[in-house]
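Final position of the sequence shown in my numbering is 204; the numbers increase by one with none missing.
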Amino acid sequence: MELTEQQLQRVEHYLNVKHITYIDLRMEVLDHIVSDIETKMTKENLDFETVFYNVTDKWNPQLKESSSWLFGIAFSAPKLVMKKAKTSYIKLFLISNFLMILLSIFERKLNLTVSDNTQLYLTNFLLMINLFCAFIFIYLMINNSKIKQKTTYRFILKTQKMGIILGGIAIIFSGVIKDVSPIYSLTLMFIAITFIYFHFLKKHKKAIKKYKVS
């Protein structure tokens, strides 16, 4: 039994209320819910209202708002969105953090002694890299701000802004307070966050193109 236009709008409204406005998941969830309702109405010979509430009760736990330590508790999204975001992000997160920790340990253990001039040159060079990454990051953020559609990847992009801000503060204080945080690993963090932002912005645009949303 196929749903009427009015019944489909009821399901669409339910997804809006649950903030399932992420285009890479919305159509999939919509198809599943509609299919569940149609199947249940046919097999059990029940009316739409009864089946609608039964099916949505089953979906409610998957669509409730949730947060994750991976992105920070300040950022929340429906559980289904959060699950996909974590799956997409975790690999890059672990690799980049492993490299930063490894570089930080290497930097402290090696304890290279260089002249003041060499140290000044290295510091200035790294600061230039950080500045370049900051400009690229800002450009990518502006590019992203012009895109109105929401995807799971855009949620990930939103969570990266705080990382670049905290990284910038840490780099500033690393030159003021001794041994607060090695500048080399912080520079790697800047590069990693910029790359991650570029990576997910590209996936965000591909998702929009895939679902033909303009």
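Where is the CB? At the ideal position from N, CA and C, for every residue including glycine. Everything numeric in this text was worked out from a predicted model, so none of it was measured.
- The beta carbon of I80 lies closer than 8 Å to those of L60 in the same chain, with the five residues before and after it left out.
- Put simply, the segment 107 to 127 does not touch the segment 39 to 54. Fewer than three CB pairs are less than 8 Å apart.
- In the same chain as I181, and ignoring 5 residues on each side of it, the C-beta atoms closer than 8 Å to its own belong to I119, C123, in chain order.
- Each residue's CA atom was taken as its position, placing S57 and K69 some 8 Å apart.
- Taken through DSSP and simplified to helix, strand or coil, E(-8) comes out as coil.
- Per the coordinates, the alpha-carbon of K202 lies some 27 Å from the alpha-carbon of E55.
- In the structure shown, Y129 adopts helical secondary structure according to DSSP, grouped into three states.
- In this structure, T11 sits away from A75, with a CB-CB distance that is not shorter than 8 Å.
- Counting only runs of 4+ residues, the alpha helix (DSSP H) found wholly inside the segment 12 to 93 occupies 13 to 34, 38 to 53, in chain order.
- Annotated as proximal: N134 and L191, with beta-carbon spacing under 8 Å.
- Look at K140 here: in three-state DSSP terms it is strand.
- V24 and I198 have their C-alpha atoms roughly 23 Å apart.
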